[in-house]
Amino acid sequence: MIDIRVQTEPFDPGAELGAIEGGGAGAVASFTGLVRSDDGVTTLELEHYPGMTEAALRDLAEQAVARWSLSAATIVHRVGPMAPGERIVFVGTAAPHRQAALDACSFLIDRLKTEAPFWKRETRGDEARWVDARTSDDAAAQRWR
Amino acid sequence: MIDIRVQTEPFDPGAELGAIEGGGAGAVASFTGLVRSDDGVTTLELEHYPGMTEAALRDLAEQAVARWSLSAATIVHRVGPMAPGERIVFVGTAAPHRQAALDACSFLIDRLKTEAPFWKRETRGDEARWVDARTSDDAAAQRWR
Amino acid sequence: MALDLLYFAWVREAVGTGQERVELPEGVTTISALVDWLAARGGGYAEAFAQPDRIRAAIDERFVPLDATIGSAREVALFPPVTGG
Amino acid sequence: MALDLLYFAWVREAVGTGQERVELPEGVTTISALVDWLAARGGGYAEAFAQPDRIRAAIDERFVPLDATIGSAREVALFPPVTGG
Numbered sequence: 001m002i003d004i005r006v007q008t009e010p011f012d013p014g015a016e017l018g019a020i021e022g023g024g025a026g027a028v029a030s031f032t033g034l035v036r037s038d039d040g041v042t043t044l045e046l047e048h049y050p051g052m053t054e055a056a057l058r059d060l061a062e063q064a065v066a067r068w069s070l071s072a073a074t075i076v077h078r079v080g081p082m083a084p085g086e087r088i089v090f091v092g093t094a095a096p097h098r099q100a101a102l103d104a105c106s107f108l109i110d111r112l113k114t115e116a117p118f119w120k121r122e123t124r125g126d127e128a129r130w131v132d133a134r135t136s137d138d139a140a141a142q143r144w145r
Numbered sequence: 001m002i003d004i005r006v007q008t009e010p011f012d013p014g015a016e017l018g019a020i021e022g023g024g025a026g027a028v029a030s031f032t033g034l035v036r037s038d039d040g041v042t043t044l045e046l047e048h049y050p051g052m053t054e055a056a057l058r059d060l061a062e063q064a065v066a067r068w069s070l071s072a073a074t075i076v077h078r079v080g081p082m083a084p085g086e087r088i089v090f091v092g093t094a095a096p097h098r099q100a101a102l103d104a105c106s107f108l109i110d111r112l113k114t115e116a117p118f119w120k121r122e123t124r125g126d127e128a129r130w131v132d133a134r135t136s137d138d139a140a141a142q143r144w145r
Numbered sequence: 001m002a003l004d005l006l007y008f009a010w011v012r013e014a015v016g017t018g019q020e021r022v023e024l025p026e027g028v029t030t031i032s033a034l035v036d037w038l039a040a041r042g043g044g045y046a047e048a049f050a051q052p053d054r055i056r057a058a059i060d061e062r063f064v065p066l067d068a069t070i071g072s073a074r075e076v077a078l079f080p081p082v083t084g085g
Numbered sequence: 001m002a003l004d005l006l007y008f009a010w011v012r013e014a015v016g017t018g019q020e021r022v023e024l025p026e027g028v029t030t031i032s033a034l035v036d037w038l039a040a041r042g043g044g045y046a047e048a049f050a051q052p053d054r055i056r057a058a059i060d061e062r063f064v065p066l067d068a069t070i071g072s073a074r075e076v077a078l079f080p081p082v083t084g085g
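Protein chains in written order, with the UniProt record's numbering: chain G, 1 to 145; chain L, 1 to 145; chain B, 1 to 85; chain Y, 1 to 85.
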């Protein structure tokens, strides 16, 4: 059961977790990314490539389901403007055993960072800048090859 | 911020996640363990060593907070009888960056399995048996030394 | 050949539009050649494509390296390295 | 010396109680010796402690190896390997 959503609306991690707990899984893992509020950012804006984004996320989820025998994988990613403290992304995985759920969750967020067409722009007061890609993200994504 | 609870009552992962999202963290990870419903178990019962359990869980959480600079760590573990599909354990971690949150979450559930005094008894129909410890759990806990 | 071009993030801002349809001239058969051809338009295009190693591309919604052949693509997207999650 | 003993899981079931206070005889100074002494009581104790390598222990709420010295402990717990989470 794969659930992929790219949306401007906020989402509820508790509801997402509840949805993937069914089906007899023994283990559910999640990752939630939030707009940090400790580095002066006043607004974070997410742009994406409609159509390709959903396809890229679905492809990653299908890889994870096959590799770790997941009973469920959910990816929700917000786009548009967000304030500090707001949730950007949710990844949830359900599997028979804990290592599979946790590894699949790490895989999805690591690979999402380098393989899904999203771009972040940070605004600090009057100044906006596009966030640079990080080589540490490339390294994290490579772990799973 | 460390929150440790051992309780007979059910818990709500969404509420637990919400509680650790504050404080400016950029990344929140969680693990929920559930009573599997695919192996004929009709009731799972958790026994523990009151006092020592909380101390052991708090010690693990303090190690995780120090090692990964967490802004929050929550461990909730149910004891008593549970039905298939019910939640047994919740681990939640909040950190500035994703790898820290995810690694700390894995660490806590791996080490909890070998270092917190809980014992599981499974009932299948009329037959009850104490669950044997698994060497794979010892190996998983060793990863973090 | 008519081709839809999409631009995202600072590439879009520099170019001044998110989407346009172009007729590819003879000889522009790869993404690299397309980037050079667009840069030669000057102005915001020159700015957006001044450093091709900062550009990433997708053909018909799939990531491709810059030396990929455009072939019979309907849509090519040009953008900075992705930064989601 | 008076010592509180706690038993958990199948150790508790075999012994028939979760807690008791004992007077340690001279010479019973380690967990191993305590386990052997309890096994010698026979009945459920013999059953619970027939295989000492299946027993784990805590002294005053801290895990210890079986060769640990009991010393001035107030409380010793004996139980199977843990299986939580």
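By construction, the Cβ of each residue, glycine as well, lies at the ideal position given by its N, Cα and C atoms.
These numbers come from a predicted model, not from an experiment.
Check: residue i C-beta below 7 Å from any heavy atom of the ligand PLP
| i | result |
| --- | --- |
| residue 10 of chain L | By its list of ligands, the structure shown contains no ligand whatsoever, and the ligand PLP lies outside what it can speak to. |
Whether residue i touches residue j by CB criterion (8 Å)
| i | j | result |
| --- | --- | --- |
| residue 2 of chain G | residue 47 of chain G | no |
| residue 44 of chain B | residue 16 of chain B | yes |
| residue 72 of chain L | residue 20 of chain L | yes |
| residue 22 of chain Y | residue 5 of chain Y | yes |
| residue 24 of chain L | residue 143 of chain G | no |
| residue 71 of chain Y | residue 112 of chain L | no |
| residue 59 of chain Y | residue 39 of chain Y | no |
| residue 107 of chain L | residue 64 of chain L | yes |
| residue 80 of chain G | residue 14 of chain L | no |
| residue 8 of chain B | residue 50 of chain B | no |
| residue 11 of chain G | residue 87 of chain G | yes |
| residue 140 of chain G | residue 99 of chain L | yes |
Cβ shell of residue i (< 6 Å), same chain only, five flanking positions each side left out
| i | result |
| --- | --- |
| residue 5 of chain G | 76 |
| residue 74 of chain L | 3, 16, 20, 92 |
| residue 37 of chain Y | 28 |
| residue 89 of chain G | 33, 77 |
| residue 145 of chain L | none |
| residue 1 of chain Y | 24 |
| residue 75 of chain B | 4, 60 |
| residue 130 of chain L | 121 |
Distance between beta carbons of residue j and residue i, contact taken as under 8 Å
| i | j | result |
| --- | --- | --- |
| residue 92 of chain G | residue 16 of chain G | 5 Å |
| residue 80 of chain B | residue 11 of chain B | 6 Å |
| residue 61 of chain Y | residue 55 of chain L | 6 Å |
| residue 57 of chain B | residue 14 of chain B | Going by Cβ atoms, the distance from residue 57 of chain B to residue 14 of chain B rounds to 16 Å, so no, they are not a contact pair. |
| residue 114 of chain G | residue 138 of chain G | 6 Å |
Sequence-distant residues of its chain with Cβ nearer than 7 Å to residue i (five each side left out)
| i | result |
| --- | --- |
| residue 101 of chain L | 27, 28, 29, 93, 94, 95 |
| residue 116 of chain G | 53, 56, 57 |
| residue 52 of chain Y | 32, 35, 66 |
| residue 20 of chain Y | 5 |
Beta-carbon neighbours of residue i, restricted to chain A and to distances below 9 Å
| i | result |
| --- | --- |
| residue 13 of chain G | Judged by its chain identifiers, the structure shown contains no chain A, and its protein chains are G, L, B and Y. |
Beta-carbon contacts of residue i that lie in its chain and below 8 Å, excluding the five residues immediately before and after
| i | result |
| --- | --- |
| residue 103 of chain L | 68 |
| residue 50 of chain G | 6 |
Next item on the list: Residues of the region 26-52 of chain L with a CB closer than 8 Å to any CB of chain G: list them in chain order, please.
Entry: 26, 27, 28, 29, 30, 31, 32, 33, 34, 35, 36, 37, 38
Margin query: To be precise: take each residue of the region 83-106 of chain G, compare its Cβ to all Cβ atoms of chain B, and keep it if any distance is under 8 Å. Which residues remain?
Written below: 88, 89
Next item on the list: Give, in chain order, every residue of the region 108-124 of chain G whose Cβ lies closer than 8 Å to some Cβ of chain B.
Entry: 109, 112, 113, 114, 115, 116, 117, 118, 119, 120, 121
Note to self: To be precise: take each residue of the region 49-73 of chain L, compare its Cβ to all Cβ atoms of chain Y, and keep it if any distance is under 9 Å. Which residues remain?
What the structure shows: 49, 51, 52, 53, 55, 56
Next item on the list: Check whether the region 39-55 of chain G touches the region 113-128 of chain G, counting contact only when three or more Cβ pairs, one atom from each stretch, lie closer than 8 Å.
Entry: yes
Item checked: Contacting positions in the region 2-30 of chain Y - beta carbon closer than 9 Å to chain L -> 6, 8, 9, 10, 12, 13
Next item on the list: With 7 Å as the limit, tell me which residues of the region 42-59 of chain B have their beta carbon closer than that to any beta carbon of chain G; keep them in chain order.
Entry: 58
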